[in-house]
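To start, the structure itself, in structure tokens.
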Amino acid sequence: MNIVVAMKQIPDLQQIRIRNRCPVLDDVPLTLGKIDKNALEAGLKIRENAGNKGRVIVVSAGNRDIEETVKEALAAGADEACIVVDEAASDLESSISAILLAAAIKRIGVADIILFGEGSGDNYSGQVGARVAEILDLPQVGYAGNVETTGRTARITRVLEDREEIVEVELPVVVCILADINEPRIPSVSQILKAGKKHKEIIEIDDLTMETSGRRIETISNLAPETARKREPVNTCGALCAVLEKEGFWAR
Amino acid sequence: MNFDFSKEEQLIQKAAKEFADKRIAPVAGNIHRTNAMPAEIVDGLADLGMFGIPFLEKYGGGEAGYLSYILALEQLSKASAGVGMIISVNAVGLAVINVFGTEEQKLAYLPQSIDGKKIMSFAFTEPGTGSDPKQLTTTVSRDKDGYLLNGTKRFISNAGYKGPMVVVAKESDTGKATAFVIDKFCDGYSLSAPWEKIGAHGGGLYDVYFKDVKIPAENLLGQNGGGLSALKIAMIYGKIGLTGLFLGQALAAFEEGLRYANEKMHRGESIGHKFEHIKISVADMAMKYDAAKWHAYHLGWAADNYKDPLQLAKEAALSKVFVAETAIDIARISMGIHGSYGLMEDYKISQIWGDAIIGPQVEGTAPLLKIMGAGIILNG
Amino acid sequence: MAGILIYSDQDPLSFELLTAARYIAENTGAAVKAVSINNHAQAEALAGRGAESYRIDGKEIILEDTAAVARALKGAVETLDTDVVLLSANRRGKELAGRLAQMLDAGCLSDVNALAVRSGRIECTRNALGGATVAVQTVTSKRKVIALSAKVFAAAPDGVGHISDLTLDVKGSGIKLMESRAKAEEAAHIETAAVLVVVGQGLENRKDLAIVKRIADSLKGEVACSKPVATDKKWLAEDRIIGLSGKICKPDLAILLGVSGQVQFMVGIRDAKTIVAINRDENACIMQNADYIMTADLQDVLPELSRALTGTVPS
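Top line first, the protein sequences correspond to chains A, B and C.
Counting in this note's numbering, the first sequence runs from 466 upward without gaps.
Counting in this note's numbering, the second sequence runs from 3 upward without gaps.
Counting in this note's numbering, the third sequence runs from 323 upward without gaps.
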């Protein structure tokens with residue numbers, strides 16, 4: 466069984482600085498999305514439960530740095546990587562990422578379960594998995610809290626706001642994993658050292674013949690929110706009640 | 003000059019930081035209060051290969067070099083200096099056996115301590131001497147199949163863990179200082195209660211008593227009379243570990259001070275943004291941390307790339323002094339930023355202060371290390 | 323502009339989408355069309371709010387099969403000549419958005435928490451960079467899919483619309499529903515509540531939740547929490563989590579009890595009209611981001627506040 470995990474290269478969100486309300490991304494180290502790491506961990510667990518048969522393959526698309534960034538996933542247990550390198554791509558929008566990832570998945574050939582995080586760590590738009598499913602003409606299940614396989618059937622728990630539903634579907638399938646459903650393993654020192662030696666298939670964007678038909682989203686502004694809260698101290702519960710009354714939230 | 007880390011170095015640093023944040027930090031307060039290290043922490047470090055970072059892959063090590071070792075120790079020790087102590091002292095024993103051991107000895111002792119399944123100790127210091135081989139009173143006398151060990155060793159880290167111990171003792175017949183490797187908790191091995199020290203809690207420190215401990219002849223490490231050479235190697239690799247450990251204290255103090263400067267409010271504005279003297283303190287901390295950091299990272303690089311061992315010995319000794327003293331400087335400044343709160347046990351800086359203040363006096367006092375370093379500088 | 327299509331599996335959200343679509347239509351002159359899938363009651367309710375309401379029925383279009391629902395909507399877009407599709411940004415809606423956008427070769431924005439038409443463009447506001455920034459974006463492709471958060475627009479008022487049937491031949495993608503169950507606790511709808519009383523890690527005793535509930539009830543509000551309270555402590559259900567990976571809420575009033583206010587949390591509450599923060603630590607981030615701040619120990623404040631608001635304290 467081949468388990469494909471799509472992961473996105475993003476800036477380390479903890480290290481983004483805000484200057485004059487604008488995010489400064491220069492020198493911010495690149496990493497892989499946090500929820501993507503949940504997806505990788507889920508992939509590793511699916512394989513373990515399937516008697517450790519099959520391979521876990523990471524796919525990603527990004528600028529040249531992705532060749533290094535993907536080592537983090539290889540260290541965490543993925544067997545190999547297939548990445549699309551687009552030198553111009555620093556900020557790929559969802560529709561284009563989906564096309565590149567789908568191309569990488571086709572290159573792998575057999576993909577039985579294709580895992581995504583429910584959303585990327587930076588943009589959290591949550592579209593790419595669904596878009597890839599459409600391109601590959603596969604069924605999809607989002608917000609998955611659990612994935613089990615028996616033979617060629619996957620049994621997936623989808624967690625909605627107020628319900629959980631269990632669905633079954635024949636492989637192959639695209640599954641988007643819920644954030645925080647597992648604790649991604651910390652790679653050991655020797656796994657980190659071995660990551661660079663694992664197989665990496667690198668696809669140059671120019672070698673792909675598909676159309677990406679340009680951007681579909683324009684960003685008008687992207688600024689840190691201004692906070693203009695009153696910060697009025699309230700010293701007693703009585704005073705707080707008076708405030709709630711004055712603002713019309715409570716009546717005596 | 004290239005100051006970039008390789009991806010592997012970055013990932014080792016990140017793995018150490020993640021383990022420190024998720025597993026050590028939540029129990030760090032408890033480690034500090036009880037002066038005991040939870041077994042799960044040691045097991046977790048072992049699973050991640052944190053005990054074997056610089057050692058050869060053929061013995062189970064990561065073979066990732068001493069720069070990676072320092073990067074990891076910095077992050078782990080930032081959360082708990084005791085963790086740094088356990089790893090650093092284990093690595094001292096490993097380094098001595100790695101240098102002086104026969105292949106049989108290496109295969110017998112290195113893998114299990116690289117794995118962190120058995121934790122090593124190094125025993126030289128005694129109640130009467132810190133580093134003078136002539137004043138050793140622990141003796142080995144020839145026995146029919148080997149040696150008999152008798153005496154007391156002082157301030158021995160990791161002595162409460164099962165595993166090998168490298169002991170330097172005086173040969174009763176020749177008067178030479180010689181190194182041996184023994185198994186802790188063998189017949190005749192006993193321990194004091196752990197010392198209650200100011201800092202690095204959880205890194206257990208004991209006195210060790212030997213009463214007619216039998217040492218087989220094949221446990222001789224290096225040559226008869228090679229005890230001083232073993233001590234020199236232990237000094238070099240011990241200083242590398244401690245440089246990483248006290249860099250962790252420098253970082254911890256810096257981060258706590260910076261956080262407090264940003265978060266403590268005075269009439270609606272953070273003290274860091276409001277008061278000039280806090281700004282200056284922030285600059286001082288940053289300046290000093292950077293100086294300490296590059297000292298330490300260069301030492302790691304040098305340990306991976308040295309040609310002249312004396313130059314490495316000098317750099318290890320002086321970097322450890324510089325980083326340890328700087329950690330105290332930063333802790334002092336950070337404590338000043340905290341005002342009265344810095345004196346309270348509730349605030350982490352008070353604990354960091356205790357961890358930092360021990361720096362210049364452990365495993366070779368600052369004056370001793372400076373004199374050693376100066377000797378190498380003056381004599382070339 | 324061709325028409326605007328709205329769809330949500332949830333009635334209240336579909337009523338809000340109707341208002342949003344009318345707002346866009348006002349500025350662009352587009353026609354608004356609503357679809358309901360295998361749900362005649364919803365189609366009637368939408369018509370009852372003045373919508374041009376279309377019923378799509380199909381055995382294979384089950385909600386659990388996102389691809390099938392997307393296919394149905396694609397059919398509707400083509401048949402009804404609509405370029406803009408508004409969906410709800412609940413989980414079903416977001417899962418659907420990407421699939422439909424790909425089918426329509428459209429750009430897509432999800433979790434949109436403010437929407438304005440300026441110079442003919444639909445400007446959408448959403449969180450970016452993990453909540454560190456707020457981006458204003460617009461879809462430039464001809465067809466557009468937008469998934470709108472709850473409470474961005476009010477529910478459409480009553481009106482007179484009409485219902486038509488839309489016959490489409492839609493195949494499923496092979497998803498079989500085996501089991502569906504409501505989450506153990508009664509489902510909380512914190513994203514639609516006007517008042518939220520939010521518990522953070524600063525609440526030390528689980529039994530104090532009873533007092534928190536009483537306070538929330540006295541203000542006709544819901545109890546919500548920061549992530550660790552639900553995922554680590556498991557004191558409350560996960561559908562009460564506020565934040566980037568929980569729910570994005572815009573209540574009129576949020577009372578934050580022992581919440582430190584990290585960015586991932588603040589993303590979910592920063593659009594509240596009024597924020598009251600009670601925290602023992604005067605230096606907690608949250609104290610910078612609240613309208614009314616009280617530095618106090620929750621163990622003392624909670625009974626006192628309960629007594630002040632309701633006259634009693636639950637035992």
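Even for Gly, the Cβ is constructed at its ideal location relative to N, Cα and C.
* To do: Evaluate methionine 237(B) with the Cβ neighbour count: other Cβ atoms within 10 Å of its Cβ, from every protein chain shown; 16 or more gives buried, anything less gives exposed.
  => buried
* Are the CB atoms of glycine 574(A) and alanine 504(A) nearer to each other than 8 angstroms? -> No. Outside cutoff.
* To do: Count the other C-beta atoms from every protein chain shown that fall within 10 angstroms of the C-beta of arginine 536(C), then say buried if there are 16 or more, exposed otherwise.
  => buried
* Given 8 angstroms, three or more beta-carbon pairs between the region 363–380 of chain C and the region 446–460 of chain C -> no
* **Same chain, Cβ closer than 6 angstroms to lysine 663(A), five either side skipped, listed in chain order** => Leu539 and Glu545
* Asked: Residues of chain C with CB under 8 angstroms from asparagine 617(A), in chain order?
  -> First, the amino acid is wrong: residue 617(A) is arginine here, not asparagine. What arginine 617(A) touches in chain C: nothing, since even the nearest Cβ is about 12 angstroms away.
* For alanine 716(A), three-class secondary structure by DSSP -> Alanine 716(A) falls in the coil class under three-state DSSP.
* Asked: Whole-angstrom Cβ separation of alanine 469(C) and glycine 415(C), contact assumed at under 8 angstroms?
  -> Confirmed, about 5 angstroms.
* **7 angstroms CB neighbourhood of histidine 297(B) in its chain, flanking five on each side removed** => Ser321, Phe324 and Val325
* Got a sec, what are the start and stop residues for the beta strand (DSSP E) methionine 167(B) sits in? -> 166–173
* To do: Mind checking which residues open and close the beta strand (DSSP E) that includes cysteine 702(A)?
  => Counting along the chain, cysteine 702(A) falls outside any beta strand (DSSP E), though it belongs to the alpha helix (DSSP H) covering 702–711.
* With 8 angstroms as the threshold, decide whether the Cβ of glycine 64(B) is near any Cβ in chain A. => Interface residue, yes.
* Determine whether the Cβ of asparagine 517(A) lies closer than 8 angstroms to any Cβ atom of chain C. => no
* To do: Closer than 7 angstroms by beta-carbon distance: list the chain B residues that pair up with asparagine 361(C), in chain order.
  => Chain B residues near asparagine 361(C): none, gap ~45 angstroms exceeds 7 angstroms.
* Asked: Quick one, which of Gly524(C), Ala510(C), Asp487(C) and Lys555(C) has its alpha-carbon nearest glycine 543(C)'s?
  -> Closest in alpha carbon position to glycine 543(C), among Gly524(C), Ala510(C), Asp487(C) and Lys555(C), is Ala510(C).
* Asked: Beta carbon of glycine 494(C), beta carbon of valine 581(C): below 8 angstroms?
  -> no
* Asked: For valine 624(A), does the count of other Cβ atoms within 10 angstroms reach 16, so buried, or fall short, so exposed?
  -> buried
* Could you tell me whether any Cβ in chain B is nearer than 8 angstroms to the Cβ of glycine 607(A)? => no
* Going straight from the alpha carbon of aspartate 405(C) to that of isoleucine 326(C), what length do you get? -> 6 angstroms
* **3 or more residues per run - each beta strand (DSSP E) lying fully within the region 365–424 of chain C** => 374–378 and 404–410
* Asked: Is any beta-carbon of chain C found at less than 8 angstroms from that of methionine 167(B)?
  -> no
* Integer Cβ distance of alanine 600(C) from aspartate 613(C), believed to fall under 8 angstroms -> The sequence shown places isoleucine at residue 600(C), rather than the alanine named in the question. About 12 angstroms; that fails the 8 angstroms criterion.
* From glycine 205(B) to glutamate 633(A), what distance separates their C-alpha atoms? -> 52 angstroms
* Counterpart residues of glutamine 480(A) in DSSP-defined beta bridges -> Note: glutamine 480(A) sits in no beta bridge, so no partner.
* Who are the neighbours of glutamate 626(A) on chain B, taking C-beta pairs under 8 angstroms? -> Scanning chain B for C-beta atoms nearer than 8 angstroms to the C-beta of glutamate 626(A) yields nothing, as the closest lies near 28 angstroms away.
* Asked: If contact means a Cβ-Cβ distance below 8 angstroms, which residues of the region 36–57 of chain B contact chain A?
  -> Asp49, Leu50, Gly51, Met52, Gly54 and Ile55
* cysteine 446(C) - partner residues in DSSP beta bridges -> Cysteine 446(C) is bridged to Leu437(C) and Gln459(C).
* Asked: Can you tell me whether cysteine 641(A) is buried or exposed, with buried defined as 16 or more other CB within 10 angstroms of its CB?
  -> buried
* Asked: Which chain A residues are close to phenylalanine 21(B), counting only those with a beta carbon under 9 angstroms from its beta carbon?
  -> Ile651
* Asked: Three or more C-beta pairs closer than 8 angstroms, one from the region 560–574 of chain A and one from the region 519–528 of chain A: is that the case here?
  -> yes
* To do: Please compile the residues from chain A whose C-beta is within a distance smaller than 9 angstroms of the C-beta of arginine 503(C).
  => Arg628, Glu629, Glu630 and Ile631
* Can you name the residues that DSSP bridges to isoleucine 531(A)? -> Answer by DSSP bridge pairing: none, since isoleucine 531(A) is not bridged.
* When the cut-off is 8 angstroms and only beta carbons count, does glutamate 76(B) lie next to chain C? -> Chain C has no Cβ within less than 8 angstroms of the Cβ of glutamate 76(B).
* Under 9 angstroms (Cβ pairs) to chain B, residues found in the region 601–617 of chain C -> Asp603, Glu604, Asn605, Ala606, Cys607, Met609 and Gln610
* **N- and C-terminal bounds of the alpha helix (DSSP H) containing aspartate 357(B)** => For aspartate 357(B), the enclosing alpha helix (DSSP H) covers residues 350–359.
* Within this structure, are the beta carbons of valine 215(B) and tyrosine 191(B) separated by less than 8 angstroms? -> yes
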